[in-house]
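In what follows, a structure is listed as structure tokens, so that the remarks can point back to it.
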Amino acid sequence: METYRNADAPLDVRVADLMGRLTLQEKVRLLAGASHFNLHAIERLGVPSLSVTDGPTGVRSLRGEIATVFPVGVALAATWNPETARNVAGAIAREALAHGDQVVLAPTINIMRIPHWGRNFESYSEDPHLTARIGVAYVQGLQAEGVGASLKHYAANNQELERFEVDVRVDERTLREIYLAAFEAVVKEADPWTVMASYNKIGGVYASEHRRLLTTILKEEWGYEGMVVSDWNAVKATTAAAAGLDLEMPGPERWFGDKLMASVERGDVLESQIEDNVRRVIRLIVRSGLLDGPRPAGELRTPRHAAIACDAAAEAMTLLKNEAEMLPLSPQMRRVALIGPNAVRCQLQGGVSSKVVTGRTTSLLEAFRARLGPKVEVHLAQGVDSEPYPPIPAPWLFSPDETRSGEGLEAQYYAEPGCGGALLATVAERAFVRRVSANIAGADRPTYASFRWAGWFWPERSGDYEFGLRATGEATLTLEDEALITPSMPATPDHYDVLGRIVPRRLARTRLEAGRGYRIVVEYTPLSEGHEYIGLGVRDPAESIEHAISLARSADAVVLVLGSASITEAEGYDRVNLTLPGAQDELARHVLGANPNTIVVINTGSPVAMPWIEDAPAVLQMWLPGETGPQALAEVVFGDREPGGRLPMSFPARFGDHPAHAVSSDPLTCDYSEALAVGYRHYDAIEAAPLFPFGHGHAYTSFHYGVLDAPDQATAGQPFAVEIEVANTGERTGDEVVQLYVAPRTPRLPRPPKELKAFAKVRLAPGERRTVRLELGEKAFAVWDVEAKGWVVDPGAYDLLVGRSAGDIRAASTVRVVR
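For the sequence shown, the numbering used here assigns the number 382 to the initial residue and increments by one for each residue that follows.
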């Protein structure tokens, strides 16, 4: 048996053996993807194609295959519990195995520099220490199941505005302490199989061509032996290989492949460089287990995974305000009103590359009725419509035939444009949105020239429906043989981009009756070149705000669920402000005025403005909780579970409060002039309070902190621990997150007033006391010294501050650090 097939042989020996059997042409071929999510196979040597898939919320299939939707990244960070992140990642890995994938493109560990970044929901925190702890656990959880992680997006990828071309101008110290710190920790502690280079420039150089970032820092300084992959279509030149980029994605190749081979032959890229690039790709292939026989079967949408998702969703929920202990609500009340656009359509996840196709999910109404039983009336009202455009509809509103034998539509793929020529394949379609950079090719979906979605639409309410069709090519929507939308219709202006371009959207209205099915057909011919996108949207009939106000008055308690619309938070664009979309603030004021027993639930992945906050007795941040979120919310609201979350970012009171608000007028240049003053570091520096501080979150019980037990002296660069007793002084079991911040007394270099350096989550029964141990690592007191070109610990006095949040310090001590 060839050594590279021997699973018992050392990894490096197997890699060397396989590399020795490859020709130069085969090596270069391996450095470019074969298709959108696949690497090239080496048929001559029996090496199959490696498959990757999007994360980090679950397994995203381009073929419409379903998977479990887990809580988004910011929700995992809100748990402040690395073990929860590890469990979720392990479940995602098992679902990836069930889909036949070997690498998940996750986690996203970019710092939340601005509160309106479109991908805040996908990331973890404004703080590099919290980001690192959750990121390490996530990578370890994935890779423990034999599925590789792809740490992204390296580096300084903190906005969607002009993300393909923006030049980030950041000083070296800020880069190291804020934007690279979590990458360094995860690389060194968890050894991710791949790292993904971002789209943006840093100091005038694209990340995929940045030799200092990819080779000098990542591979040489940090000792990284894994593979560096480009973000999709990020490569701009063959010289990226010489900079340390190992794999261009997606395929077929644009700059690598034949062009790279020509560069090697000319001597522009050294053959020794190609050897290093290929060794890393081969290392990934061997690590994946593809050469070791059948892979584990994995598991998909099992009860175990649903339980993991529900546990994480509940633990992430963050109680921002709870006057007079209004929460939890009594489940013995007579009449409960669920009000708000997100009560009708709870947002489970963010948009674009992380969006998972799921099966039928439980609605909030169903979850609340199941929890409360038949003796409690639960009523639902939308109040206002927050969607700027018709949203992507649920697949269970459609069927492929008039008997409703299944969910979704029938998709037929044709060899010629306009749904002509040979019928190539017929498959089920549940997603109603297609977003790729080339035709999807696979066993059930061959390369096609056009396709048709056909079946029946089943409206749940009678009234006027608005249909939307957004497409890069030619698309037609027909309802009951009437062409509602055609390519000749004028398009609606739309600033929401898809893969860096504006895609035309066309709208049409028609009246439909509930209780019957309507024949619906969508035909689509993509552009001959370039990105492909088509999305179907459906808006339900409008409902009056007066109905919601009347319902609120008649209820014993109101759960008002506000939040993002379906396109508010997504890859590709940033939010323009922190205002809830639509007239939700107006709805909040009316409902809070109509019923003082109103709980406000915020269903977002990022901070939002709350102009009605003074009138709200209780506010619960739900996040984007994944598909079991409705069940988890019902259990938290009625006290079956504790809200275990704490904020992983500061919530500003106003849009302009954050330090990066005043950006360059040139959208292609972004100066990180706020330097280290990111998030709570900024609020501490200007001595101003945000709406809710970093680390904030109430429990359904209360806690008392004792005296901090810390040494008087410590040696620079040597880890040590401090201890503090925490007691549950309330009447319920609850979780507390004990946070330790370090504050230098007389810093040699300018430093933030304090920085998070350790935390621990502890569950305490009523009356229970426990000594909590907090470990301070070797870099807890270090700064990046530009002149020394390394991490330096300055001797001197440091305050150790322990508390419930960055704005609520409960105990302190001072330690003198000596060399």
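Positions of the beta carbon are idealized from the N, C-alpha and C atoms, including for glycine.
Fair warning: this is a prediction, and the values are worked out from it, not measured in the lab.
Contact set for residue i: own chain, Cβ-Cβ below 7 Å, skip 5 residues either direction
i: histidine 591; result: Ile583, Ala624
i: asparagine 976; result: Ala933, Arg934, Ala936, Val939
i: alanine 822; result: Low confidence applies to alanine 822: its pLDDT is 40, below 50, so where it sits in the model is not reliable, and the reading given next is rough at best. The answer, listed in chain order, is Ser416, Thr828.
i: glutamate 570; result: Val517
i: tryptophan 603; result: Glu565, Val568, Lys569
i: leucine 542; result: Asp955, Pro1048
i: aspartate 435; result: Arg441, Leu486, Ser734, Ser735
Buried versus exposed call for residue i [16 or more other C-beta atoms within 10 Å across all chains shown]
i: lysine 702; result: buried
i: isoleucine 866; result: buried
i: threonine 1127; result: exposed
i: methionine 382; result: exposed
i: aspartate 389; result: exposed
i: alanine 824; result: Legend: pLDDT at alanine 824 = 40, less than 50; position of this residue unreliable, value from coordinates given subsequently. With fewer than 16 other Cβ atoms within 10 Å, it is exposed.
i: glutamate 1168; result: exposed
i: proline 1029; result: buried
i: histidine 928; result: exposed
i: valine 394; result: exposed
i: glycine 674; result: exposed
i: isoleucine 883; result: exposed
i: threonine 853; result: buried
i: lysine 1142; result: buried
i: valine 957; result: exposed
i: glycine 427; result: exposed
i: valine 1088; result: exposed
i: threonine 1223; result: Here the chain comprises residues numbered 382 to 1200, so residue 1223 is not present and cannot be evaluated.
Reduced DSSP secondary structure (H/G/I, E/B, other) of residue i
i: asparagine 820; result: Confidence in asparagine 820 is poor, its pLDDT being 40 and thus under 50, which makes the residue's placement unreliable; the coordinate value appears in the next sentence. It is coil, neither helix nor strand.
i: aspartate 552; result: coil
i: phenylalanine 1075; result: coil
i: lysine 756; result: coil
i: leucine 1089; result: coil
i: arginine 467; result: helix
i: threonine 384; result: helix
i: leucine 512; result: Rather than leucine, the amino acid found at residue 512 in this sequence is threonine. It is helical.
i: asparagine 658; result: helix
i: lysine 1138; result: strand
i: cysteine 800; result: coil
i: histidine 421; result: coil
C-beta atoms of residue i and residue j nearer than 9 Å
i: phenylalanine 813; j: proline 776; result: yes
i: arginine 635; j: valine 616; result: yes
i: asparagine 984; j: serine 947; result: no
i: glutamine 540; j: tryptophan 498; result: yes
i: alanine 470; j: glycine 522; result: yes
i: phenylalanine 848; j: leucine 917; result: yes
i: arginine 785; j: glycine 896; result: no
i: leucine 710; j: leucine 746; result: no
i: glycine 1188; j: tyrosine 1061; result: yes
i: threonine 460; j: valine 737; result: no
i: leucine 457; j: tyrosine 535; result: no
i: glycine 378; j: glutamate 696; result: A query on residue 378 cannot be resolved here, the shown segment of the chain reaching from 382 to 1200 and no further.
i: alanine 803; j: glutamate 797; result: yes
i: proline 509; j: glutamate 553; result: no
i: glutamine 730; j: glycine 953; result: no
Residues near residue i by beta carbon distance below 8 Å, same chain, minus five either side
i: glutamate 810; result: Gly445, Gly789, Leu790, Glu791, Ala792, Trp834
i: valine 662; result: Leu411, Leu412, Leu420, Met608, Asp627, Leu628
Same chain, Cβ closer than 6 Å to residue i, neighbours up to 5 away in sequence not counted
i: alanine 1163; result: Trp1172, Val1174
i: alanine 1108; result: His1085, Arg1150
i: alanine 474; result: Leu523, Glu526, Val528
i: alanine 1041; result: Arg494, Ile495, Glu1055
i: phenylalanine 779; result: Gly789, Leu790, Gly836, Phe838
i: proline 868; result: Glu855
i: alanine 1097; result: Val1174, Val1198, Arg1200
Best match in the options for proximity to residue i [C-alpha to C-alpha]
i: valine 517; options: Ser653, Ile495, Asp572; result: Asp572
i: alanine 513; options: Glu526, Gly527, Ile490; result: Ile490
i: threonine 891; options: Ser869, Pro922, Pro871; result: Pro922
i: glutamate 758; options: Leu1130, Val765, Gly764, Ala748; result: Ala748
i: glutamate 424; options: Gly607, Leu672, Arg494, Ala487; result: Leu672
i: proline 907; options: Glu543, Pro885, Asp435; result: Pro885
i: isoleucine 773; options: Ile915, Asp639, Gly801, Val1153; result: Ile915
i: proline 988; options: Tyr1122, Val576, Leu1005; result: Leu1005
i: leucine 968; options: Tyr560, Val765, Tyr1122; result: Val765
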